[in-house]
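Each residue of the sequence shown is one higher than the one before, counting from 15 in this note's numbering. By construction, the Cβ of each residue, glycine as well, lies at the ideal position given by its N, Cα and C atoms. Just so we're clear, the structure is a prediction, and the values are computed from it rather than from any experiment.
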Amino acid sequence: MRVRVAFALVVLFVAWGLLAPASLDRVATAAFSATTRNFSWLYLWVVFALVVASLVLAFGRYGRLRLGDDDEEPEFPLHSWFAMLFAAGMGIGLVFWGVAEPLSHYVTPPPGIPALTPEAANAAMLHVFFHWGLHPWAVYSIVALSIAYFQFRRGLPITIGSTLSGLPHWLRGRWIAAADVLAILATAFGVATSLGLGALQINSGLAQVVGVPIGTPAQIVIIAVTTAIFLGSSVTGIERGIKWLSNANLILGALIAAFVLLVGPTAVILDTFTSTLGRYLSSLVQMSLRLTPFRSDEWVHSWTVFYWAWWISWSPFVGLFIARISRGRTIREFIVGTLLLPSLAGFAWFSVFGGTALYAEIFTGAPLAQAASTDVSTALFALFETLPATLPLSIAATLLVLVFFVTSGDSATFVLGILSERGNPDPSLRIRVAWGILVGLIAISLLLAGGLQALQTAAIVMALPFAIVILLMLVSLVRALREDADRLEREEREMRRLLRGREGRREKGEGEKPRGS
Numbered sequence: 015m016r017v018r019v020a021f022a023l024v025v026l027f028v029a030w031g032l033l034a035p036a037s038l039d040r041v042a043t044a045a046f047s048a049t050t051r052n053f054s055w056l057y058l059w060v061v062f063a064l065v066v067a068s069l070v071l072a073f074g075r076y077g078r079l080r081l082g083d084d085d086e087e088p089e090f091p092l093h094s095w096f097a098m099l100f101a102a103g104m105g106i107g108l109v110f111w112g113v114a115e116p117l118s119h120y121v122t123p124p125p126g127i128p129a130l131t132p133e134a135a136n137a138a139m140l141h142v143f144f145h146w147g148l149h150p151w152a153v154y155s156i157v158a159l160s161i162a163y164f165q166f167r168r169g170l171p172i173t174i175g176s177t178l179s180g181l182p183h184w185l186r187g188r189w190i191a192a193a194d195v196l197a198i199l200a201t202a203f204g205v206a207t208s209l210g211l212g213a214l215q216i217n218s219g220l221a222q223v224v225g226v227p228i229g230t231p232a233q234i235v236i237i238a239v240t241t242a243i244f245l246g247s248s249v250t251g252i253e254r255g256i257k258w259l260s261n262a263n264l265i266l267g268a269l270i271a272a273f274v275l276l277v278g279p280t281a282v283i284l285d286t287f288t289s290t291l292g293r294y295l296s297s298l299v300q301m302s303l304r305l306t307p308f309r310s311d312e313w314v315h316s317w318t319v320f321y322w323a324w325w326i327s328w329s330p331f332v333g334l335f336i337a338r339i340s341r342g343r344t345i346r347e348f349i350v351g352t353l354l355l356p357s358l359a360g361f362a363w364f365s366v367f368g369g370t371a372l373y374a375e376i377f378t379g380a381p382l383a384q385a386a387s388t389d390v391s392t393a394l395f396a397l398f399e400t401l402p403a404t405l406p407l408s409i410a411a412t413l414l415v416l417v418f419f420v421t422s423g424d425s426a427t428f429v430l431g432i433l434s435e436r437g438n439p440d441p442s443l444r445i446r447v448a449w450g451i452l453v454g455l456i457a458i459s460l461l462l463a464g465g466l467q468a469l470q471t472a473a474i475v476m477a478l479p480f481a482i483v484i485l486l487m488l489v490s491l492v493r494a495l496r497e498d499a500d501r502l503e504r505e506e507r508e509m510r511r512l513l514r515g516r517e518g519r520r521e522k523g524e525g526e527k528p529r530g531s
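As structure tokens, then:
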């Protein structure tokens, strides 16, 4: 019943967007304004709480607990595990915004900072670290950890509803039915947002490489073709298709970044990474709770609140997928692998591409900021025009986005299939294909209704109710962890007591032996 409700709501939304895109745009804009005006504080508090909770769980008394049996080994090797979770969690977004966001902040910086100044450049890099660092990965970590813990330690189905089983009964019964529906809706719209962004950038890449015109018709064709590709990939399953594509894409992305690092302003890139990381760590708490109640807060809504909502809407998909591939890891290893390492990788990526773009804009006069202002999806390719090997870089970047598109769509249909079949770890191909087609149609309907702005609006609005679900998941997880940790500590104390008693009897026996000989 829950799945049918979610499926019907998505079908109705798609029909609305395809038949009356202007009407959808008006309603979505009004919903966006109401959500950001009244609930921006909630997004900031929820995500900051998840950052704190992730660090406490990793390095506190629960860090040694394992996601599975106490002696169980991880299912996937470390490099494949990291490649899959990184591709699912950040892929398209990093490539899309790696150049565009720093340039956008340089032209339109946060309130109180003069535009087109060195201060604006420093603030731009600080905010991309903030938007793509610990906060998004903390959202993923808590959701994934909750799912993995209740599945692998408690033997419950791999669903969002199962993660609420640690709550008191009176509270659990009210949310468990709604949690899976909200998770399906958040996943479908969050992934559709990323697929829409991917289509915009693939279109820009094809325009650079082979002259494909930029526009909605081309983007619809791209969504249709890539949807068919990731549905074909989904047939092979995680152990083959997603794993191979994720490993290949991680290597390709690293090669592109290494090339730009070497041929670009290397010293500036390294300085940017070092200085921005220091400022990020020193101002983390202040930035985490920053709003501007006594001046226009449009900038915060358009960037920080959008990102926090986007990560929340992606979290059931990414969390469930990461949980599926993380059996056998300790909580400490899990959070280090899903919070700290991906954040460092994101910092390095933005330092390379954002630092190079700002250097070219400021010191060589390259009109990159103008390109980003005109069409953010073209910013990366505008940067490549300032570097050697422009065409090979453009081809590689387009391929990178395409493969991230495929792995995201592949993973999403897999997760939606699991949620639809109440935790079946190997969902049927029929349900995966149905969800894959619907996600592609959501992306098309959003592009028709308003392009990039409509994509952002959908992510923010759909994430609001699921933010409450995530807080309940955290409470449920902590209660379950405390129970298991207390039980293990009692068992260890009992074992030590037995061992001391056995050693005492042995010593007593050895002491009495000469007397009876």
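Asked                                                                                                                 : Found
Continuous alpha helix (DSSP H) stretch holding D424: start and end                                                   : T404 to S434
Beta carbon of V277 nearer than 8 Å to that of Y373                                                                   : no
For H149, the first and last residue of its enclosing alpha helix (DSSP H)                                            : L148 to F166
Helix, strand or coil at R446 according to DSSP, with G and I counted as helix                                        : helix
Contained alpha helix (DSSP H) runs [length at least 4] in the stretch 180-231, N- to C-terminal order                : 183-224
R343 (DSSP reduced to helix, strand or coil)                                                                          : coil
Residues of its chain near A383, where Cβ-Cβ distance is below 7 Å and the 5 sequence neighbours each way are ignored : L117, Y120, V121 and E375
Candidates G126, T177 and S327: closest to W313 by CA position                                                        : G126
In chain order, each beta strand (DSSP E) run of at least 3 residues that lies wholly inside the stretch 254-336      : none
Beta-ladder partner(s) of R80, from DSSP                                                                              : T344
Distance CB(S459)-CB(L108) smaller than 8 Å                                                                           : no
Local Cβ density within 10 Å of T201, reported as buried at 16 or more and exposed below that                         : buried
Nearest-angstrom Cα separation, counted from L305 out to R51                                                          : 11 Å
Closest Cα partner of V417 within the set S54, Q215 and L284                                                          : Q215
Local conformation of R75 per DSSP, three classes                                                                     : coil
Candidates A197, E133, I156 and E435, of which the one nearest L23 by Cα                                              : A197
Coarse secondary structure for A380, derived from DSSP in three states                                                : coil
Per-residue DSSP class, three states only, for D500                                                                   : helix
Reference F244, options Y163, R501, A448 and E508, closest by Cα                                                      : A448
Given 8 Å, three or more beta-carbon pairs between the stretch 163-175 and the stretch 286-296                        : no
Beta-carbon spacing of F100, A359 below 8 Å                                                                           : yes
Pairwise C-alpha distance: V60 and S387                                                                               : 31 Å
E89 - DSSP class collapsed to helix/strand/coil                                                                       : coil
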